[in-house]
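Number of protein chains: 2
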Amino acid sequence: MGLRERKKEKTRLALLDAALDLFLEQGYETTTVEQIAGVVDVSSRTFFRYFSSKEHLALWWHDHGEEIMQECLRDRPLDEPPFTSLLHCVRAVIADMRNSTPEDTDRFLKVRKLYENNPMLVGRAVARGSQTELRLVEEVARRTGRDPATDQLPALIVGFAMAAMRVGFECPGQEITDLAELTGRMEATLVVVEASFRPGWDLAA
Amino acid sequence: MGLRERKKEKTRLALLDAALDLFLEQGYETTTVEQIAGVVDVSSRTFFRYFSSKEHLALWWHDHGEEIMQECLRDRPLDEPPFTSLLHCVRAVIADMRNSTPEDTDRFLKVRKLYENNPMLVGRAVARGSQTELRLVEEVARRTGRDPATDQLPALIVGFAMAAMRVGFECPGQEITDLAELTGRMEATLVVVEASFRPGWDLAA
DNA sequence: TTGTCATCTGTCACTCCCTGACATACATTA
DNA sequence: TAATGTATGTCAGGGAGTGACAGATGACAA
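Just so you know, the sequences run in chain order A and B. Under full-length UniProt numbering, think of the first position of the first sequence as 1, with each following residue one higher. Under full-length UniProt numbering, think of the first position of the second sequence as 1, with each following residue one higher.
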């Protein structure tokens with residue numbers, strides 16, 4: 001990896017960290033792009049070359065998680081019930097969080113705190129991930145031989161799985177200072193979810 | 001109702017209709033507030049006095065639906081399982097759509113079409129409704145004697161119910177020109193949802 | 001009818017988000 | 001070291017959204 005790429009990555013992470021800290025200090029809305037760029041000593045224009053929008057920063061982990069889910073889904077056996085597959089994908093996201101660097105660990109916790117302070121950001125994450133969600137629906141439909149145009153079940157399966165992941169990640173109203181605590185809660189949520197559905201519901205006629 | 005209020009309501013609806021038509025004709029992003037205001041012959045400043053944002057227009061039905069859900073939940077018997085209560089609330093929203101004026105009927109169909117063309121707007125709706133969703137979680141927790149801070153079940157219950165409503169309303173990839181078709185699909189989705197959960201899951205220990 | 005009062009509206013000026021274009025500075029590679 | 005490609009800063013500008021102020025228009029009482 002050349003000097004150029006190293007510098008880019010460094011700037012990218014510096015922007016991300018500066019933004020997360022400012023968001024938590026003085027609020028998401030009141031923090032301007034100019035401020036964030038100022039901390040890292042780059043121009044606002046450069047900021048937008050690294051992150052397509054201010055939102056993009058706050059939704060950093062979400063983008064990453066969606067990639068993992070898509071990859072993971074492709075690797076699941078075809079005869080596995082689709083909802084089970086998706087919960088495996090959520091667990092893959094959790095595993096990735098567990099295997100992350102200490103720096104990324106801090107970022108996960110900060111993002112969670114940010115979501116707690118700004119619940120609307122969760123919705124913005126849904127908005128940003130709408131394309132991915134559609135692709136997941138397509139994939140689930142393909143794997144189960146269903147037509148997503150006339151059959152809402154694939155959309156329901158994906159919708160429920162994503163809702164489960166969000167609820168697990170948010171942990172509203174709790175002081176969470178440890179990644180293990182966060183991932184533990186996410187796991188616990190998945191266990192509750194698994195016990196909530198009727199066996200075979202995601203393969204119903 | 002005085003002339004003043006009638007004029008206001010007229011302007012409000014004119015803005016809404018002009019916006020929906022423009023959104024469907026030339027796209028949501030490319031339509032400017034100035035254009036919408038221009039059609040109705042008011043200033044952009046006045047537009048923002050009627051709708052707090054451009055998004056607010058597109059999310060008109062969503063705001064309305066959330067109000068109904070909150071009211072409805074309060075009227076449900078306390079001994080009813082919470083998820084069942086919420087599905088009743090969704091049905092109250094559907095009933096309201098069925099009882100709406102022909103003008104509102106057109107608007108429902110246009111909004112649905114708009115969501116189909118711009119899936120990210122669904123997420124924006126989630127973002128806008130995040131406060132309401134939190135209140136629903138609080139209410140479900142209160143009614144079931146749970147602590148939303150340590151117990152994710154209330155959040156899951158609400159998350160699943162809202163996901164069900166969204167999936168039913170979206171009807172991705174389908175030509176829908178009739179309100180009865182739309183409400184029928186939403187009902188059908190709810191029936192699928194009701195059959196998917198294990199009895200008593202929303203009261204689990 | 002008229003005058004007063006409340007409210008609605010338009011204009012203006014402003015901040016912030018975000019983008020395209022262009023010139024410059026820098027890293028890479030030969 | 002020279003040539004090339006990429007990253008950055010500056011500048012200009014559009015669109016969303018807001019605060020302040022003045023003028024227009026309904027509401028209402030005398």
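Note that CB positions come from ideal geometry on N, CA and C, so glycine has one too.
Is it true that the CB of residue j sits closer than 8 Å to the CB of residue i?
i, j, result
"F169/B", "R112/B", "yes"
"C72/A", "A58/A", "no"
"L109/A", "L179/A", "yes"
"P148/B", "G145/A", "no"
"M88/A", "R74/A", "The displayed chain sequence assigns His, not Met, to residue 88/A. The answer is no: Cβ separation not under 8 Å."
"A164/B", "L156/A", "yes"
"R198/B", "S52/A", "no"
"R143/B", "L86/B", "no"
"A37/A", "T46/A", "yes"
"Q70/B", "R135/B", "yes"
"M162/B", "E133/B", "yes"
"L114/B", "L13/B", "no"
"V140/A", "P81/A", "no"
"K54/B", "V33/B", "yes"
Determine the DSSP secondary structure at residue i, reduced to helix, strand or coil.
i, result
"F23/B", "helix"
"G173/B", "coil"
"T150/B", "coil"
"D75/A", "helix"
"G200/B", "coil"
"A163/A", "helix"
"P81/B", "coil"
"G145/B", "coil"
"A155/B", "helix"
How would you write the range of the alpha helix (DSSP H) that residue i sits in, first residue to last?
i, result
"S196/A", "179-196"
"M1/A", "M1/A -> no alpha helix (DSSP H), and no H or E assigned at all."
"G123/A", "120-128"
Checklist entry - Do three or more CB pairs link the segment 180-195 of chain A to the segment 146-159 of chain B at distances below 8 Å? => result Touching, per the Cβ criterion.
Item to check | 3 or more residues per run - each beta strand (DSSP E) lying fully within the UniProt domain "HTH tetR-type" (9-69) of chain A | outcome: Taking only runs of at least 3 residues, no beta strand (DSSP E) segment lies wholly in the UniProt domain "HTH tetR-type" (9-69) of chain A.
Checklist entry - Between the segment 18-25 of chain B and the segment 177-184 of chain A, are three or more C-beta pairs nearer than 8 Å? => result At 8 Å Cβ cutoff, the stretches do not touch.
Checklist entry - Do three or more CB pairs link the segment 113-125 of chain A to the segment 118-129 of chain B at distances below 8 Å? => result yes
Item to check | Cβ contact (3+ pairs, closer than 8 Å) linking the segment 64-80 of chain A and the segment 29-48 of chain A | outcome: no
Item to check | alpha helix (DSSP H) segments (min. 4 residues) lying fully within the segment 92-118 of chain A | outcome: 102-117
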